[in-house]
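**Student:** Pasting in a structure now, in structure tokens, and then I'll have a few things to ask.
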Amino acid sequence: MKTIDYIKKAIGDMFRIWHDELKQVFSDVGVIIFFLIVPLAYPVIYGLIYTTETIREVPMVVVDDSHSSLARAFVRKVDGTPDALIYSYVTNIDEAKALVDSKKAYGVLYFPADFSQKINRGEQSTVSLFLDMSGLLYYKALLLAVTEVSMDMGATINPTRIDTGAPINYESVSLYNPQNGFASFLVPGIVVLAIQQTLLLGIGMLAATTREKNPSGRLIPPHSSYRGTLRIVLGKALCYFAIYIFVSIWALEIVPRIFNLPQIGSTGTLLLFKLPYLLACIFLSMMVSTFIRGRETPMMILVFTSLPLLFLSGISWPLASIPDFWKYISYIFPSSFGIQGYVKLNSMSAGLSEIAFEYQALWIQTGIYFIITYLIYRKESIRKD
Amino acid sequence: MQQFKSPILKVAIREAKRLVSGKIYWFCMIIAPLLCMVFFLSLMKEGLPTNLPVALVDIDNSTTSRSLARQLDSFEGTEIIMHCSDFNEAKIEMQKGNIYGIFFIPRDFEQEALSGNQPTLSYYTNGSYLIAGSLLFRDMKTVSTLASGAVVLGTGRAKGYTDSQIMAQIQPISIDTHPLGNPWLNYSVYLNNIILPGILALLIMSVTVYSIGIEIKEHTRLDWLYAGKGSIVRCLIGKLLPQTLVFFAVGLIMYVVLYLVLQFPMGSFIAMVLALILLILSSQALGIFMIGILPTLRLGLSFACIWGMIAFSASGFSFPVIAMHPAIQALTNLFPLRHYFLIYVDQGLMSRDFVYSLPQYFALAVFLILPVFVLKTLKHTLLYDSYKP
């Protein structure tokens, strides 16, 4: 009978703590910013920035020393591609360079004087392409456009002058992101990372507030419900979890639909995946929060880590090329596994069995961070008595 | 001696003491930016990712197909780490993230190529990983082109044609590509020249907001105002000057490592140092503006953090601004990092004339006017406001 009463009391306390924490969250503008405003607005902001997915109609200039109809046909075709746009014809390379320097154009297409003669003589002819490397996407777009046109025209120029046999065909397929879109590639990573980062910031701020409000500067308020360590840790975690279930549905399932990003994963699988990801983030945040003094400290020391963490996830710089040392460091953060797992589930139609490694790692992190958080809170409550 | 000190100097000395004794300042002003530098430069030390894992599906398994595979494997960017018996097996490896590309050689490839039946080579890249995918695309495309060329050269030579005649047949129009500024397509050059100053700018805004806001929060505001003899301008200059110097020193260390040690492309060092100074000052000015209009530390700081993070996207260094929605294009001007990036492109990467960057230098200078609009409110806050948690 006593055990049952004890359990009843513990669960009652846990929900009391859950309720207290929820009230604290919603009475603190600083926390609301990180728990609600940022996670709700961020995916939209990034979605809007990258919504065009790819660059189209990159302007380029033409210098045509050949004055041939063939060169003009070439230029018309380049202009007709979705990737490139002919800004203007100029008479020499210097004028072209000036236009590139003033960012009116990002590439120069140069036809030498003997461009069309060479083709008529049955020789290989060359066009020169000068590219502004200030952005790799300009480079890719213009190179793609000019290469396509050169192959296209090449095939129509005297197709069988000499009989050398038919070459090999080849086809390329970009899986999971057919138009190589930038939003489809980057936004999923940013969104998953934002969940971890905002939890770190918000929970850090809450813990520091508790300390600042507590005359003794301790993490646990002097209230009878806050007696058992387990009920404190679980009660608080439950509060954050309840909020982030909604936040994550928005960020991971609704936002991709709004911006037409890859969204293959089923709601059920995503839920199974979110469970360890959210828990690992929550317990990591609770663990980190115990070390934080000062409500504003989390913002100062955590925000800038978003960039390194995004790169550690291997979404941009490939995982296979990340030095071992940094790879091991990346195992500390749920975001590394969370981003990989989410992208595989949601963009690449993988199932939980394909992401077994990430999935298990997130549960292990959940376990480790829970135990450490529990021990720290336990130490705090013993110190109090 | 004491009475000769100007109020600005007095505030500056007061601030220097605060900086030295605050762990958070050491961390945010020196440790964090330098740690990021070490991280990003060591992460990308190869410049281009090498030996990206690829699966080979070789149904043909002939001399030709094996030689093709060897050729692909010999590229620096690509490494065939597994042979799969069919496409589905390879696709599962792709979903697991073990490989970024699949090179598929169909049944009877060699035989059909030799008999002129135009077999098709297929290669698949993972578009979810844009960098890895596009690098593998390049390597696999080159191998396919070379394979095609090899077959044609073989049959053409047998029929007595010269190589140049044959090349004119395979590829009547060839493209001679000149990537200007970064001919190696080095990603470290492409990313770190903006990521590192961007992190610095984020930290500058945060530290500026924090160091002013904490005076309000911890009720030292009157002491600060007193040290500046009641002038908010002297207070701000005296307070931020020591920070400017520290950030400038940290920025210079970055420049030395990037441009002198690692020899990243650098047109005019002087022009870039000027850009660095303006990036620091404009970030500080924005910081004053932020805490001025949101004089509660955590709100002002949230503003600084969000602005500093979005700046990376708004600068357009990875996804070009001209590809963004026109309304967003206009908004990118509100981020100092955007102007810094444009200056870097002209003065650092492409070695262009100074005049091309004048509008950007001017734009950065315009940010320095921002504090003027909040001087009054800030002084009012310092005099009368108390911290609201």
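As you go down the protein sequences, you meet chains H and C in turn. Those letters in the first sequence? Residues -9 to 375, by this note's numbering. Those letters in the second sequence? Residues 4 to 392, by this note's numbering. All residues carry an ideal CB built from backbone N, CA and C; glycine is no exception.
Going by C-alpha distance, which of H:235, H:59, H:45, H:98 is nearest residue 53 (chain H)?
**Tutor:** Checked all of H:235, H:59, H:45, H:98; the closest Cα to residue 53 (chain H) is H:98.
**Student:** Taking only the alpha-carbon atoms, compute the straight-line gap between residue 345 (chain H) and residue 180 (chain H) and give it to the nearest angstrom.
**Tutor:** Their backbone Cα atoms lie some 19 Å apart in a straight line.
**Student:** What are the residues that DSSP puts in a beta bridge with residue 57 (chain C)?
**Tutor:** Answer is C:83, C:104.
**Student:** Identify whether residue 150 (chain C) lies in helix, strand or coil by the three-state DSSP scheme.
**Tutor:** Residue state, collapsed to three classes: helix.
**Student:** Take the Cβ of residue 120 (chain C) as the centre, count every other Cβ of all protein chains shown within 10 Å, and call the residue buried at 16 or more, exposed below.
**Tutor:** That one is exposed.
**Student:** Please list, in chain order, the chain D residues whose beta carbon lies closer than 9 Å to that of residue 356 (chain C).
**Tutor:** Absent from the structure: chain D. Protein chains present are H and C.
**Student:** To the nearest angstrom, how far is the alpha carbon of residue 364 (chain C) from that of residue 279 (chain C)?
**Tutor:** Those two C-alpha atoms are separated by around 10 Å.
**Student:** Take residue 269 (chain H) as the anchor and find which of H:47, H:-6, H:351 has the nearest alpha-carbon.
**Tutor:** Comparing Cα positions, the closest option is H:351.
**Student:** Give me the residue from H:57, H:34, H:236, H:8 with the minimum Cα distance to residue 251 (chain H).
**Tutor:** Ranking H:57, H:34, H:236, H:8 by Cα distance to residue 251 (chain H) puts H:34 first.
**Student:** When you check each C-beta in the segment 97 to 108 of chain C against every C-beta of chain H, which residues fall closer than 8 Å?
**Tutor:** Taking 8 Å as the Cβ-Cβ cut-off against chain H, the residues of the segment 97 to 108 of chain C that qualify are 97, 98, 99, 100, 103.
**Student:** Please confirm whether residue 128 (chain C) and residue 103 (chain C) have their CB atoms less than 8 Å apart.
**Tutor:** Result yes, Cβ atoms of residue 128 (chain C) and residue 103 (chain C) sit closer than 8 Å.
**Student:** Does the beta-carbon of residue 226 (chain C) have 16 or more other beta-carbons within 10 angstroms, so that it is buried, or is it exposed?
**Tutor:** That one is exposed.
**Student:** At what residues does the beta strand (DSSP E) containing residue 67 (chain C) begin and finish?
**Tutor:** Unbroken run through residue 67 (chain C) is the alpha helix (DSSP H), 66 to 77; no beta strand (DSSP E).
**Student:** Using the Cα positions of residue 79 (chain H) and residue 57 (chain C), report the straight-line distance between them to the nearest angstrom.
**Tutor:** Cα to Cα, residue 79 (chain H) sits roughly 43 Å from residue 57 (chain C).
**Student:** Would residue 68 (chain H) pass as a contact of residue 61 (chain H) if the rule is Cβ separation under 8 Å?
**Tutor:** Contact: no.
**Student:** Classify residue 185 (chain C): buried if its beta carbon has 16 or more other beta carbons within 10 angstroms, exposed otherwise.
**Tutor:** Classification for residue 185 (chain C): buried.
**Student:** Determine the extent of the alpha helix (DSSP H) in which residue 64 (chain H) is found, giving its start and end residues.
**Tutor:** Where residue 64 (chain H) is concerned, the enclosing alpha helix (DSSP H) stretches over 59 to 70.
**Student:** Within 10 angstroms of the Cβ of residue 343 (chain C), are there 16 or more other Cβ atoms? Answer buried if so, exposed if not.
**Tutor:** So residue 343 (chain C) ends up on the buried side.
**Student:** Where residue 277 (chain C) and residue 306 (chain C) are concerned, what is the direct C-alpha to C-alpha distance, given to the nearest angstrom?
**Tutor:** Rounded to whole angstroms, residue 277 (chain C) to residue 306 (chain C) spans 26 Å at the Cα level.
**Student:** Could you tell me the alpha carbon to alpha carbon distance between residue 135 (chain H) and residue 327 (chain C), rounded to whole angstroms?
**Tutor:** Going from the Cα of residue 135 (chain H) to the Cα of residue 327 (chain C) covers about 20 Å.
**Student:** Quick one, which of C:295, C:174, C:15 has its alpha-carbon nearest residue 117 (chain H)'s?
**Tutor:** Taking only the C-alpha atoms, the option nearest residue 117 (chain H) is C:174.
**Student:** Please identify, using Cβ separations under 7 Å, the residues of the segment 132 to 148 of chain H that lie next to chain C, in order along the chain.
**Tutor:** Residues 133, 136, 137, 140, 143, 144, 147.
**Student:** Would you give the residue range spanned by the alpha helix (DSSP H) that residue 342 (chain C) belongs to?
**Tutor:** Counting along the chain, the alpha helix (DSSP H) containing residue 342 (chain C) begins and ends at 339 to 346.
**Student:** Would residue 375 (chain H) count as contacting chain C if we go by Cβ distances under 8 Å?
**Tutor:** Reliability of the predicted coordinates at residue 375 (chain H) is poor, the pLDDT of 47 falling under 50, and the value obtained from them is presented with this limitation in mind. Not an interface residue.
**Student:** Taking beta-carbon pairs under 8 Å, can you tell me which members of the segment 180 to 198 of chain C lie near chain H?
**Tutor:** Answer in chain order: 180, 181, 182, 183, 184, 185, 186, 188, 190, 193, 198.
**Student:** Quick one: what does DSSP say residue 320 (chain H) is sitting in, helix, strand or coil?
**Tutor:** Helix.
**Student:** Locate the beta strand (DSSP E) running through residue 45 (chain C), then write down its first and last residues.
**Tutor:** Unbroken run through residue 45 (chain C) is the alpha helix (DSSP H), 35 to 46; no beta strand (DSSP E).
**Student:** If you follow the beta strand (DSSP E) that residue 259 (chain C) is in, where does it begin and where does it stop?
**Tutor:** Counting along the chain, residue 259 (chain C) falls outside any beta strand (DSSP E), and DSSP gives it neither H nor E.
**Student:** According to a CB-to-CB cut-off of less than 8 Å, which residues of the segment 161 to 176 of chain C neighbour chain H?
**Tutor:** Those residues of the segment 161 to 176 of chain C that come within reach of chain H (Cβ to Cβ, closer than 8 Å) are 162, 164, 167, 168, 169, 170, 171, 172, 173, 174, 175, 176.
**Student:** Run through DSSP, which three-state label would residue 8 (chain H) get?
**Tutor:** Correct three-state label for residue 8 (chain H): helix.
**Student:** Which bits of chain H does residue 327 (chain C) rub up against, with CB to CB less than 9 Å?
**Tutor:** Under the 9 Å cutoff, chain H gives 38, 39, 40, 41, 42.
**Student:** Rounded to whole angstroms, what is the Cα-Cα separation between residue 179 (chain C) and residue 119 (chain H)?
**Tutor:** Spanning the two alpha carbons is a distance of roughly 6 Å.
**Student:** Helix, strand or coil for residue 375 (chain H), going by three-state DSSP, please let me know.
**Tutor:** In this predicted model, residue 375 (chain H) has a pLDDT of only 47, less than 50, meaning its place in the structure is not dependable enough to derive any value.
**Student:** Please state whether the Cβ-Cβ distance between residue 298 (chain C) and residue 352 (chain C) is less than 8 Å.
**Tutor:** Not closer than 8 Å, so no.
**Student:** Given a cut-off of 8 Å, decide if residue 191 (chain H) and residue 299 (chain H) are closer than it, judged by their beta-carbon atoms.
**Tutor:** No, the pair does not count as a contact, with Cβ atoms beyond the cut-off.
**Student:** Flag this pair as touching only if the segment 98 to 114 of chain C and the segment 122 to 137 of chain C have three or more C-beta atom pairs under 8 Å; answer yes or no.
**Tutor:** With a cut-off of 8 Å, the segment 122 to 137 of chain C and the segment 98 to 114 of chain C count as touching, because enough Cβ pairs lie within range.
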